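The sequence shown begins at 2 in our numbering and counts up one residue at a time.
Built from N, CA and C at the ideal position, the CB exists for glycine as well.
From a predicted model like this one, the values you see are computed outputs, not experimental measurements.
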Amino acid sequence: MTSVRAPQQKRSIQTKARIMKAAFHLFACKGIHGTNSKEIVKTAGVSIGSFYSYFKNKKALLLEMLDDYLNRHYSMIWQHLDLFSIDQLRREDVKAILTNVFQAYDISPEFHRQTHALRYSDSDIRRIYDKEREREVSQVGYLLENNKNRLRIKDITAAAIVIHNAVENVAHTAKFIGSGKIDEARLINELSDMIYCFVLAD
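If you want it as structure tokens, here you go:
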């Protein structure tokens with residue numbers, strides 16, 4: 002069997018990217034379980050040999066795609082932190098971060114929905130999502146720690162988990178469950194008020 006390799010040259014990098022792009026499209030249209038590697042390479046316009054040069058199997062492709070997707074998701078959420086005075090967070094700053102959260106779910110909503118559902122039955126996917134959850138909670142905790150002289154709450158670690166869970170739940174409701182039933186801007190406004198009043202004392 003051909004050993005899996007990391008692409009070095011521009012053409013190889015582009016080939017791997019085409020495979021991943023094709024997989025994103027097919028997973029969204031046909032579902033992860035409804036797509037096989039032959040369909041992916043046909044859509045990507047590459048050979049099956051090229052596929053196995055970069056990925057051991059479809060599962061390995063999926064896990065790498067999930068890692069890449071969650072990194073992009075994380076980067077979009079926290080992309081404007083350098084514009085904030087992180088030790089003097091305002092309600093407007095909280096709202097800006099939450100707006101980024103909702104926008105991050107638009108990167109590939111169907112891929113997120115399907116992989117998030119699989120985390121409960123696939124230990125490898127659960128491991129990746131658990132790692133991402135820890136990273137997000139840690140980032141929230143970092144912001145709280147930098148505002149500790151203004152906090153109403155006493156347990157920063159627990160508060161970070163509560164905030165993360167609340168934001169994720171509202172975002173999932175808006176994007177995957179109740180899409181279109183209520184304007185997202187209204188949800189972001191109320192969620193901003195809730196979090197700001199929960200943790201920060203004026």
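Does DSSP put residue i in a helix, a strand or coil?
{"i": "residue 152", "result": "strand"}
{"i": "residue 90", "result": "coil"}
{"i": "residue 37", "result": "coil"}
{"i": "residue 107", "result": "coil"}
{"i": "residue 193", "result": "helix"}
{"i": "residue 183", "result": "coil"}
{"i": "residue 102", "result": "helix"}
{"i": "residue 1", "result": "In the structure as shown, the chain begins at 2 and stops at 203. Residue 1 is therefore absent and cannot be evaluated."}
{"i": "residue 114", "result": "helix"}
{"i": "residue 188", "result": "helix"}
For the alpha helix (DSSP H) containing residue i, name the first residue and the last one.
{"i": "residue 134", "result": "124-146"}
{"i": "residue 201", "result": "Here residue 201 belongs to no alpha helix (DSSP H), and DSSP marks it neither H nor E."}
{"i": "residue 15", "result": "11-31"}
{"i": "residue 161", "result": "157-173"}
Enumerate in chain order the residues of its own chain whose CB-to-CB distance from residue i is below 7 angstroms, with the five nearest sequence positions on each side excluded.
{"i": "residue 40", "result": "27"}
{"i": "residue 189", "result": "96, 99, 100, 103"}
{"i": "residue 11", "result": "none"}
{"i": "residue 177", "result": "114"}
For residue i, which residues from the same chain have a beta carbon less than 8 angstroms from its beta carbon, with the 5 sequence-adjacent residues on both sides left out?
{"i": "residue 168", "result": "99, 102, 192, 196"}
{"i": "residue 77", "result": "101, 104, 105, 108"}
{"i": "residue 125", "result": "60, 64"}
{"i": "residue 33", "result": "63, 115, 116, 119"}
Looking only at its chain, what residues have a beta carbon closer than 6 angstroms to the beta carbon of residue i, apart from the 5 residues adjacent to it on each side?
{"i": "residue 134", "result": "none"}
{"i": "residue 175", "result": "185, 188"}
{"i": "residue 2", "result": "Here the model assigns residue 2 a pLDDT of 46, short of 50, so the residue's position is not dependable and the matter cannot be decided."}
{"i": "residue 137", "result": "165"}
{"i": "residue 16", "result": "47, 51"}
Quiz item: Three or more C-beta pairs closer than 8 angstroms, one from the region 88-107 and one from the region 145-152: is that the case here?
Solution: yes
Quiz prompt | Whole alpha helix (DSSP H) elements within the region 50-94, 4-residue minimum | solution = 59-78
Quiz item: Three or more beta-carbon pairs under 8 angstroms between the region 20-36 and the region 111-127, yes or no?
Solution: yes
Quiz item: Between the region 52-67 and the region 149-166, do at least 3 Cβ pairs fall closer than 8 angstroms?
Solution: no
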